[in-house]
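Trainee:
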Amino acid sequence: MPVPASKTPSLAIVGGGPAGLMAAEVARAQGIEVDLYERMGSVGRKFLIAGKGGLNLTHSEPRPAFDSRYYGQRETVGRWLDGFDAQALREWARGLGVETLVGSSGRVFPADFKAAPLLRGWVRRLRAQGVRFHVEHDCTGLRALADGYELSLRTSAGEHLAQADAVLLALGGASWPELGSNGRWTGWLQGLPIRALRPANCGFEVDWSEHFSTRFAGAPIKPVAARYRDASGVEQSQQGELMITAQGLEGGLLYALSAGLRDLLEAQGSVQLVLDLAPQRSAAELQRAIASPRGKRSMSEHLRRAAHLDALRVGLLFEVLGKDGLGDAQRTAETIKRLPLTLLRTRPIEEAISSAGGVRLDALDDALMSRTQPGLFCAGEMLDWEAPTGGYLLTACFASGHRAGLAAARWLLDNKP
1 MPVPASKTPS
11 LAIVGGGPAG
21 LMAAEVARAQ
31 GIEVDLYERM
41 GSVGRKFLIA
51 GKGGLNLTHS
61 EPRPAFDSRY
71 YGQRETVGRW
81 LDGFDAQALR
91 EWARGLGVET
101 LVGSSGRVFP
111 ADFKAAPLLR
121 GWVRRLRAQG
131 VRFHVEHDCT
141 GLRALADGYE
151 LSLRTSAGEH
161 LAQADAVLLA
171 LGGASWPELG
181 SNGRWTGWLQ
191 GLPIRALRPA
201 NCGFEVDWSE
211 HFSTRFAGAP
221 IKPVAARYRD
231 ASGVEQSQQG
241 ELMITAQGLE
251 GGLLYALSAG
261 LRDLLEAQGS
271 VQLVLDLAPQ
281 RSAAELQRAI
291 ASPRGKRSMS
301 EHLRRAAHLD
311 ALRVGLLFEV
321 LGKDGLGDAQ
331 RTAETIKRLP
341 LTLLRTRPIE
351 EAISSAGGVR
361 LDALDDALMS
371 RTQPGLFCAG
381 EMLDWEAPTG
391 GYLLTACFAS
401 GHRAGLAAAR
411 WLLDNKP
């Protein structure tokens with residue numbers, strides 16, 4: 001009797017962001033049948049939004065300093081990067097015909113600073129390689145079968161069930177839900193411990209006066225330095241740029257400090273952030289300028305002319321010291337160098353650039369497969385790690401997708417011949 005031909009192992013990937021797409025690419029290259037399901041009408045929507053400012057693809061910072069950017073998970077993420085690091089990402093982009101360049105801050109961008117050409121070329125290549133795309137398929141449940149998994153999918157035509165030998169989830173976090181990742185999977189994913197999703201790379205709320213908020217919301221302040229004391233009493237500091245919002249503060253400088261600030265807020269209820277409004281000038285120099293005769297000029301005008309403070313910095317001084325407090329040159333100079341602001345809470349997770357929390361990494365083995373559910377893999381932002389902006393987020397999403405996709409293919413080839 002002839003032996004029946006063996007069936008090609010199948011992998012269902014849920015989520016069409018960078019992690020899911022990369023997992024699809026490497027798994028398909030191993031000969032696995034790949035079906036990719038995406039809730040939205042097209043894949044890579046958050047990737048495209050990230051590209052509106054130039055698509056910061058990765059960063060040129062060398063390892064191991066690069067690894068240190070992954071707040072609390074440097075060793076785990078470092079292993080992902082061992083298989084697919086920043087240089088590998090740049091070479092991968094070159095394979096799609098997209099050259100990259102290093103900006104003045106060390107960030108790496110496509111040479112044309114656009115995300116759409118890279119994504120279009122990538123999707124075309126994946127389709128040509130045989131990856132099957134299923135858009136507008138919202139996964140609402142997962143069930144283990146005797147020999148694989150069954151996905152529950154909501155479509156415009158109604159409920160749909162799909163089966164596969166293995167499943168790789170790349171469902172994202174809960175930031176920018178209108179682009180696809182809404183965090184609802186935390187309600188239906190069973191068998192994997194999940195740490196609550198929290199905002200990362202986020203803004204913070206400050207109790208501005210109505211006058212200040214109305215006048216300065218949307219205004220940037222640069223250069224400026226910020227510092228705070230962490231839970232161990234160690235001063236953390238950074239220099240960069242902030243943006244005043246109607247509710248408080250946001251911007252790259254704050255995003256770099258946001259993980260520690262958020263954790264302190266959760267523990268203490270509020271955090272004092274100290275700003276240096278003139279990081280290139282000393283308090284003594286500022287005091288001499290402020291103490292100089294101002295004649296008939298108003299105090300605001302005097303501070304602008306003598307101390308070279310713009311209207312926003314003067315406004316911040318009024319917020320903290322009040323009109324009467326600005327009469328003391330020493331106190332004003334000291335406040336310029338150490339202006340205290342009380343952060344009250346983070347902005348909602350929906351507004352954050354990314355999210356922290358998710359599937360606990362200790363629930364997965366080194367291949368990113370569930371320790372208790374063989375054939376179930378996870379990748380990307382749905383895992384419990386976080387990183388600052390600057391290309392670190394995208395790099396780890398790509399690297400985790402590469403690791404999980406390759407591991408899923410190998411597991412299938414070993415277990416579903």
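Oh and the sequence shown: position 371 is 371 in UniProt numbering, straight run, nothing missing.
C-beta atoms are modelled at their ideal positions from N, C-alpha and C, and glycine is treated no differently.
Small disclaimer: the values here were computed from a predicted structure and weren't measured.
(1) In terms of residues, what are the limits of the beta strand (DSSP E) holding TYR149?
(2) Can you name, in chain order, every residue of its own chain whose Cβ lies under 6 angstroms from the Cβ of VAL98, other than the five neighbours on each side?
(3) My guess is that ASP165 and GLY191 are in contact by the Cβ rule of under 8 angstroms, so how many angstroms apart are they, rounded?
(4) Leaving out five residues before and five after ALA306 in sequence, what residues of the same chain have Cβ atoms less than 8 angstroms from its Cβ?
(5) When the Cα of LEU197 is compared with those of PRO417, SER213, ALA217 and LEU171, which residue comes out closest?
(6) Compute the Euclidean distance between the alpha carbons of LEU383 and HIS302, then round it to the nearest angstrom.
(7) Ordered along the chain, which non-local residues of its own chain (more than five positions away) have a Cβ less than 6 angstroms from that of ARG143?
(8) So ALA29 and LEU11 are in contact, right, with Cβ under 8 angstroms, and what is the actual spacing, rounded?
(9) Which residue comes first and which comes last in the alpha helix (DSSP H) that contains HIS211?
(10) Mark ALA367 as exposed unless 16 or more other C-beta atoms lie within 10 angstroms of its C-beta, in which case mark it buried.
(11) Please classify LYS52: does DSSP put it in a helix, a strand, or coil?
(12) What are the complete beta strand (DSSP E) segments, minimum 3 residues, inside the segment 336-387?
(13) By a C-beta neighbour count over all protein chains shown, 10 Å radius and 16 as the cutoff for buried, is residue 418 buried or exposed?
(14) Measure the C-alpha to C-alpha separation of LEU406 and VAL167 and round it to an integer number of angstroms.
(15) Quick check on GLU99: does DSSP put it in helix, strand or coil?
(16) Looking at the secondary structure, which residues open and close the alpha helix (DSSP H) in which SER68 lies?
(17) Opposite ALA164 in the DSSP bridges: which residues?
(18) By the DSSP assignment, the beta strand (DSSP E) with GLN73 in it spans what residues?
(19) When DSSP labels each residue in this structure, what does MET22 get in the three-state scheme?
(20) When the distance is taken between beta carbons, is PHE398 closer than 7 angstroms to MET22?
(21) Provide the residue(s) that pair with ASP35 in DSSP beta bridges, ordered along the chain.
(22) To which residues of the same chain is PHE47 closer than 7 angstroms at the C-beta, ignoring the five residues directly before and after it?
(23) Mind checking if ARG107 is an interface residue toward chain B, Cβ cutoff 7 angstroms exclusive?
(24) Give the straight-line distance between the Cα atoms of LEU412 and GLY83, rounded to the nearest whole angstrom.
(25) Give me the Cα-Cα distance between GLY95 and ARG125, rounded to the nearest whole angstrom.
(26) Going by DSSP, what residues sit across from TYR392 in a beta bridge?
Mentor: In short, the structure shows the following:
(1) 148-155
(2) PRO110 and LEU118
(3) About 18 angstroms separates the two Cβ atoms, so there is no contact after all.
(4) So the list reads ALA289, ILE290, SER292 and ARG294, once near-sequence residues are dropped.
(5) LEU171
(6) 52 angstroms
(7) GLU150
(8) Their Cβ separation, rounded to whole angstroms, is 12 angstroms, which puts ALA29 and LEU11 out of contact at 8 angstroms.
(9) Residue range 210-216 is occupied by the alpha helix (DSSP H) that includes HIS211.
(10) exposed
(11) helix
(12) 339-343, 354-359 and 376-378
(13) The question about residue 418 has no answer here: the residues shown for the chain are numbered 1 through 417.
(14) Spanning the two alpha carbons is a distance of roughly 13 angstroms.
(15) coil
(16) Neither: SER68 is in no alpha helix (DSSP H) and is coded neither H nor E.
(17) TYR149
(18) Per DSSP, GLN73 belongs to no beta strand (DSSP E) and is neither H nor E.
(19) helix
(20) yes
(21) ALA12 and ARG132
(22) Contacts found: GLY17, PRO18, ALA115 and LEU119.
(23) This model lacks chain B altogether; it includes just one protein chain.
(24) 20 angstroms
(25) 11 angstroms
(26) According to DSSP, which records beta bridges pairwise, TYR392 is partnered with nothing at all.
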